[in-house]
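Chemist: So that you can map any letter, position 45 of the sequence shown is 44 in numbering that gives the first Met the number 0, and since no number is skipped, the others follow by simple counting.
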Amino acid sequence: MRSNRAAGEAFLEAGASACTDVTGFGLLGHLGEMLDAAPAAAAAAGVGVELELGALPYMEGALECHHDLGITSSLYPSNLRQHQRRLTNPQVPGFERLMPLLFDPQTCGGLLAAVPAEKADALVQRLREHYPEAAVVGTVISGGNGGVTLV
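1) Between which two residues does the alpha helix (DSSP H) containing A116 stretch?
2) Here's a check: name, in chain order, each residue in its chain whose Cβ is nearer than 7 angstroms to the Cβ of G31, leaving out the five neighbours to either side.
3) Would you call G28 buried or exposed, if buried means 16 or more other Cβ atoms sit within 10 Å of its Cβ?
4) Whole angstroms are fine: how far does the CA of N88 sit from the CA of T19?
5) I'd like the ranges of any alpha helix (DSSP H) spanning at least 4 consecutive residues and lying wholly in the stretch 21-55.
6) For E117 and F10, I'd like the C-alpha separation in whole angstroms.
7) Among L126, A36, T22, which residue has its Cα nearest to the Cα of G109?
8) Terminal residues of the continuous alpha helix (DSSP H) containing G137?
Shown next, in the form of structure tokens:
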């Protein structure tokens with residue numbers, strides 16, 4: 000178990016406008032909360048998120064547990080039903096295989112933060128000193144109407 004203190008400090012210094020821990024609602028549920036809580040809610044502001052499926056960090060064996068062994072959390076089906084509506088393009092290649100990463104609830108998941116795009120790469124390099132799995136996983140886009148587009 001690691002403290003999120005260093006990450007929190009780095010996010011503040013990078014000018015983060017939002018941050019949440021990815022827990023029971025899974026990545027997509029918490030991303031949706033961030034979009035809905037934005038100062039002018041994302042749909043009204045006409046913004047959304049492009050989420051890079053290939054950039055999502057996950058533990059070795061996580062996908063095999065889901066696909067090969069059929070192991071899912073009791074909250075997974077509920078998260079899938081409730082948050083799948085956010086996706087603008089669920090038929091994108093690779094989605095079926097990586098879908099568990101979007102809806103799987105976590106007991107102590109990582110942090111998801113919104114930071115200015117021009118500071119993201121430097122922030123990730125700093126975070127990797129303590130959190131080697133740190134990654135840029137998406138981008139806020141105009142014209143998204145509060146949705147999440149998988150790329």
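Where is the CB? At the ideal position from N, CA and C, for every residue including glycine.
Modeler: This is what the structure gives:
1) 116-126
2) H82, R85
3) buried
4) 24 angstroms
5) 25-36, 41-44
6) 13 angstroms
7) T22
8) Taken as a continuous stretch (DSSP letters only), G137 belongs to no alpha helix (DSSP H), being part of the beta strand (DSSP E) at 137-141.
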